[in-house]
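Below is one structure, written out as structure tokens, with a few remarks after it.
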Amino acid sequence: MEANEQVQPSLLGLSPLFVFLATYLGCSLLLNDFYAMPLSVAFVIASCYAVVVTRGLSLEKRVEQFTIGASNHNILTMVWIFILAGAFASGAKFIGAIDASVHVIMSVLPSNTLLPSLFLSSCLVSLSVGTSVGTIVALSPIAMGFAQQLGVSPEYIISIVVGGAFFGDNLSFISDTTIAATRTQGVSMKDKFRVNFLIVLPAALVTFIIYAVQGIDLPATAQFNEPKVWLIIPYIVVIVTALMGINVLVVLMIGIVSCGIIGAINHVDVWAWMSSLGSGIKDMGELIIVTLLAGGLLELIRYNGGIAYIIRLLSRHIRGKRGGEFSIALLVMLANICTANNTIAILTTSDMASSISKRYDIDRRRTASILDTFSCVVQGLLPYGAQLLLAAGFASVSPLNFMPYLYYPILLGLCATFAILMRYPRRFAK
138 MEANEQVQPS
148 LLGLSPLFVF
158 LATYLGCSLL
168 LNDFYAMPLS
178 VAFVIASCYA
188 VVVTRGLSLE
198 KRVEQFTIGA
208 SNHNILTMVW
218 IFILAGAFAS
228 GAKFIGAIDA
238 SVHVIMSVLP
248 SNTLLPSLFL
258 SSCLVSLSVG
268 TSVGTIVALS
278 PIAMGFAQQL
288 GVSPEYIISI
298 VVGGAFFGDN
308 LSFISDTTIA
318 ATRTQGVSMK
328 DKFRVNFLIV
338 LPAALVTFII
348 YAVQGIDLPA
358 TAQFNEPKVW
368 LIIPYIVVIV
378 TALMGINVLV
388 VLMIGIVSCG
398 IIGAINHVDV
408 WAWMSSLGSG
418 IKDMGELIIV
428 TLLAGGLLEL
438 IRYNGGIAYI
448 IRLLSRHIRG
458 KRGGEFSIAL
468 LVMLANICTA
478 NNTIAILTTS
488 DMASSISKRY
498 DIDRRRTASI
508 LDTFSCVVQG
518 LLPYGAQLLL
528 AAGFASVSPL
538 NFMPYLYYPI
548 LLGLCATFAI
558 LMRYPRRFAK
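Residue numbers (the working numbering): 138 to 567.
Below, the structure written as structure tokens:
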């Protein structure tokens with residue numbers, strides 16, 4: 138989805154995004170049913186429209202340009218993650234690792250502390266591993282076990298993991314968004330962290346309190362037999378290797394192998410376990426298709442000047458520091474909507490953000506924080522973003538079902554907006 142060629146700003150180039158939103162969100166809201174319009178069908182309709190409105194290329198070249206986006210290395214990396222995540226989750230469930238993990242945790246923690254504990258765990262894991270996707274992969278299967286035992290909806294419990302995952306995605310020193318924001322703005326990670334933390338902390342604390350209050354009335358969990366502690370080894374392996382900073386693909390492969398070893402020790406039918414891996418991969422099929430279609434569609438939007446149009450539009454009417462900061466926020470948010478990747482959104486808008494910062498004397502540390510924070514806000518609420526698609530795969534629900542429960546991304550957006558309006562923290566907003 139990145140390219141070196143210059144593109145001319147065009148509202149027509151942005152129109153496929155409107156077609157997608159009208160098709161998917163419009164039909165879902167009109168019918169009050171988020172399953173009425175499949176996400177994959179909405180992307181097919183918008184993609185066909187994008188191919189038709191692409192100018193200056195033969196049909197074969199238009200399809201080729203679409204394929205370039207679908208085969209982008211970021212897109213294909215997500216596909217490999219989906220495949221391995223599906224296999225790991227299903228394989229771990231087959232050998233009893235999920236049930237064992239839930240039983241061990243519930244035997245230690247009372248049920249009314251599980252929700253805030255899950256959010257805190259997700260925050261700490263994501264802060265350590267620097268990736269929201271890796272956090273969701275590691276904790277979602279266990280969260281699903283909580284949902285079954287506590288009688289709460291899967292989308293609610295997985296939303297807790299998603300929220301915490303973006304805490305670390307935004308703040309971690311090894312997060313790709315942090316690296317992109319600090320390098321493009323020429324600031325140190327430590328300085329960006331200091332600005333960011335003061336904005337993020339209120340959102341995280343309020344979210345933690347919400348989960349603590351909501352967890353008070355949860356029913357007491359049933360008494361379990363002595364849990365088979367050795368069955369949780371695959372999850373311990375996954376979390377430890379993720380905390381070591383190992384690539385998420387390698388983490389998942391190690392997790393699958395450890396599932397196989399533990400299963401073999403417990404005399405699990407090897408071929409039945411293999412079949413469960415296949416079933417897990419098959420369950421990720423629609424998410425993989427949606428990811429490929431989104432990659433192709435968003436590449437055509439970029440190629441046709443849709444993102445360039447947004448940048449030109451928002452950079453025209455800026456007044457004062459507040460206006461400059463809001464323009465930077467809107468730039469990265471709209472770029473994120475068009476790319477479904479917060480790192481790419483930051484890289485796409487970084488030069489314009491730097492120009493706005495210099496023109497209106499905005500602290501570069503604050504600019505880096507705005508880029509990172511608002512890109513994470515959008516990514517955390519984007520129904521066709523990798524994180525919510527992955528979460529939807531674990532919960533077996535539509536990505537839109539998560540929206541009412543994504544407390545942290547929503548509160549983060551409100552806190553970041555408040556920080557611009559009230560010039561907070563003042564030390565970096567002079």
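The beta-carbon is built from N, C-alpha and C at its ideal position, and this holds for glycine as well.
Classify N441 as buried or exposed, calling it buried when 16 or more other Cβ atoms lie within 10 Å of its own Cβ.
Here N441 is buried, its C-beta having at least 16 other C-beta atoms within 10 Å.
Quick check on this structure: which residue in V188, D170, E197 and A207 has the alpha carbon closest to the alpha carbon of C427?
Rather than Cys, the amino acid found at residue 427 in this sequence is Val. When each option's Cα is compared against that of V427, the closest is A207.
Taking the alpha carbon of A340 as the reference point, which residue from R564, L551, P562 and Y561 has its own alpha carbon closest?
Selection R564, L551, P562 and Y561 evaluated against A340 yields L551 as nearest (Cα-Cα).
Which of the three DSSP states, helix, strand or coil, is assigned to H210?
H210 sits in a helix when the DSSP states are folded into three classes.
By the DSSP assignment, the alpha helix (DSSP H) with T88 in it spans what residues?
The requested residue 88 does not occur in the structure, where the chain is confined to residues 138 to 567.
Over the uninterrupted alpha helix (DSSP H) stretch that includes Y542, give me the two end residues.
If you look at Y542, you'll find it isn't in any alpha helix (DSSP H); DSSP assigns it neither H nor E.
Give the DSSP-derived three-state secondary structure of K365 in the structure shown.
Per DSSP, reduced to three states, the secondary structure at K365 is coil, with no helix or strand assignment.
Would DSSP call A140 helix, strand or coil?
Its pLDDT being 44, under 50, A140 is placed unreliably in this model, and the value from its coordinates should be taken loosely. Three-state result, A140: coil.
Among the candidates G267, V388 and A556, whose CA atom is the shortest distance from the CA of R575?
Residue 575 is absent from the model: the chain starts at 138 and stops at 567.
Measure the C-alpha to C-alpha separation of R284 and I235 and round it to an integer number of angstroms.
It should be noted that the sequence gives Ala, not Arg, for residue 284. Counting only the Cα atoms, I235 lies some 12 Å from A284.
Length-filtered (3 minimum) beta strand (DSSP E) runs lying within the stretch 422-476:
Correct list: empty.
Could you spell out the range, first to last residue, of the alpha helix (DSSP H) harbouring L484?
DSSP places L484 inside the alpha helix (DSSP H), whose first and last residues are N479 to R496.
By Cβ distance, which residues of its chain are closer than 7 Å to Y293, with the 5 residues on each side in sequence left out?
Taken in chain order, the residues that qualify are Y542.
Indicate whether L434 and A183 have their beta-carbon atoms separated by less than 8 Å.
Against a cut-off of 8 Å, the Cβ pair of A183 and L434 comes out as a contact.
Can you tell me where the alpha helix (DSSP H) holding N307 begins and where it ends?
For N307, the enclosing alpha helix (DSSP H) begins and ends at P291 to L308.
Coil, strand or helix - A173 by DSSP:
Coil at A173, not helix or strand.
Which same chain residues end up closer than 8 Å to N141 when comparing Cβ atoms and leaving out the 5 residues on each side of it in sequence?
Residue placement at N141 is poorly supported in this model, since its pLDDT is 42, which falls under 50; the coordinates are not used for a value here.
Y348: first and last residue of the uninterrupted alpha helix (DSSP H) it sits in
Counting along the chain, Y348 sits inside the alpha helix (DSSP H) bounded by residues M326 to G352.
Please report the residue range of the alpha helix (DSSP H) in which G271 lies.
Here the alpha helix (DSSP H) through G271 covers S269 to L287.
So I391 is in the alpha helix (DSSP H); what residue range does that whole segment cover?
From DSSP, the alpha helix (DSSP H) with I391 extends over V385 to I402.
Of the choices G271, T191, N209 and P536, whose alpha-carbon is the least far from that of Y372?
Comparing C-alpha distances from Y372 to each of G271, T191, N209 and P536 shows the shortest one belongs to G271.
Does S648 come out as helix, strand or coil in the three-state DSSP assignment?
The question about residue 648 has no answer here: the residues shown for the chain are numbered 138 through 567.
Using DSSP with H/G/I as helix, E/B as strand and the rest coil, what is D236?
D236 carries a helical assignment under DSSP once its states are collapsed to helix, strand and coil.
Express the C-alpha separation of H210 and R453 in angstroms, rounding to a whole number.
Distance from the CA of R453 to the CA of H210, rounded to the nearest whole angstrom, comes to 33 Å.
Quick check: the stretch 296-306 against the stretch 245-257, are there 3 or more CB pairs under 8 Å?
Yes: the two stretches touch, three or more of their Cβ pairs being nearer than 8 Å.
Could you tell me how far apart the beta carbons of G461 and I493 are, in whole angstroms, since I believe they sit closer than 8 Å?
The Cβ separation is near 5 Å, so the contact holds.
If I measure Cβ to Cβ from G400 and keep anything under 7 Å in the same chain, skipping five residues before and after, which residues do I get?
Spatial neighbours of G400 in its own chain (CB-CB distance under 7 Å, excluding positions within 5 residues in sequence) are listed in chain order as I232 and W410.
Other residues of its chain near Y186: CB distance less than 8 Å, five sequence neighbours each side excluded
The residues are S152, P153 and V156.
DSSP three-state label for G193, please.
Three-state result, G193: coil.
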